[in-house]
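Quick note: the sequence shown, position 43, residue 230 per our numbering, numbers continuous. Ideal placement from N, C-alpha and C gives every residue a C-beta, glycine not left out. Please read the structure below before turning to the comments.
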Amino acid sequence: MMLEDRVRRLEDRFEINDLLVTYAVLLDDRQFESVGRLFTEDGVFASPNSTTRGRMAIAANFEAKHAPFTMTLHDPHASSCFFTGPDDARGTVLGYAELANEEHTIITNIRYQDDYRREAGVWRFARRHVLSVYGMTLEDFVSGQAGGIERKRWPARPVGPAECPDVDQRFPGYLKQP
Numbered sequence: 188m189m190l191e192d193r194v195r196r197l198e199d200r201f202e203i204n205d206l207l208v209t210y211a212v213l214l215d216d217r218q219f220e221s222v223g224r225l226f227t228e229d230g231v232f233a234s235p236n237s238t239t240r241g242r243m244a245i246a247a248n249f250e251a252k253h254a255p256f257t258m259t260l261h262d263p264h265a266s267s268c269f270f271t272g273p274d275d276a277r278g279t280v281l282g283y284a285e286l287a288n289e290e291h292t293i294i295t296n297i298r299y300q301d302d303y304r305r306e307a308g309v310w311r312f313a314r315r316h317v318l319s320v321y322g323m324t325l326e327d328f329v330s331g332q333a334g335g336i337e338r339k340r341w342p343a344r345p346v347g348p349a350e351c352p353d354v355d356q357r358f359p360g361y362l363k364q365p
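Structure follows, in C-alpha cells:
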C-alpha cells in the first residue's frame, strides 16, 4: 500500500471515530434528527428485538426509546475497524450508557457491530447493530446481578440473557481475525 493510501486510511479511521463520538453526544443532547442524518439514506439500526430502516424512522425510533428518560450518557470506549473497500468499513465498538429518570437509573454495557459507508465524502452508519453485555438498574447491578446469566433486567420488560459474550459466535464478522 502506498504512503498516500496509508495516510488516507488513517484519516478515514479518525473520521469514523468522530462519527462514533458525534453519535453519542447527539443522542445525549436529544438531537434525534441529527442522529438520523449520521446514517446512510438506506441505513439500518438493529437490536436483537427490532430493526429500523431509513434516517427518519431511525430518528423517530431514538426519540421514542429515549422519551422515558430525563438524562442519558452514552460513552463509546474503544473501537476496532477494518476496511472492506475504498468507501466501506466494518467495526466493533465497546460502549457504556446510563439512562435515568425520576424512578430508575439504568446502566448498560453494550457492543455495537457497525457497517460504515462513505457517502458524498462523509462516513456514515450503513448498519448499526447493538448487543447487550448487561442492562439493568443500578440497584440490580450493585446487588450482583451483572454476574448472572440473566443480565438484561430493564424495568417493565421481561428478564433475560444478554447477547454478549458471544461465545457461540451468533454475531460474527465484525473483528478482523488475526
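- Nearest C-alpha to residue 243 among 235, 282, 263 and 218: 218.
- Per DSSP, reduced to three states, the secondary structure at residue 356 is coil, with no helix or strand assignment.
- The beta carbons of residue 222 and residue 245 sit closer together than 9 Å.
- Counting the other CB atoms within 10 Å of its CB gives residue 319 a total of 16 or more, which places it among the buried residues.
- For residue 257, same chain residues with a beta-carbon under 6 Å away, outside a window of 5 residues either side, are 288 in chain order.
- In this structure, residue 197 sits away from residue 310, with a CB-CB distance that is not shorter than 9 Å.
- Annotated three-state conformation of residue 241 is coil, per DSSP.
- Per DSSP, the beta-bridge partners of residue 321 are 296.
- Residue state for residue 253 is assigned as helix, using DSSP reduced to three classes.
- Nearest neighbour of residue 269 by Cα position, chosen from 300, 295 and 251, turns out to be 300.
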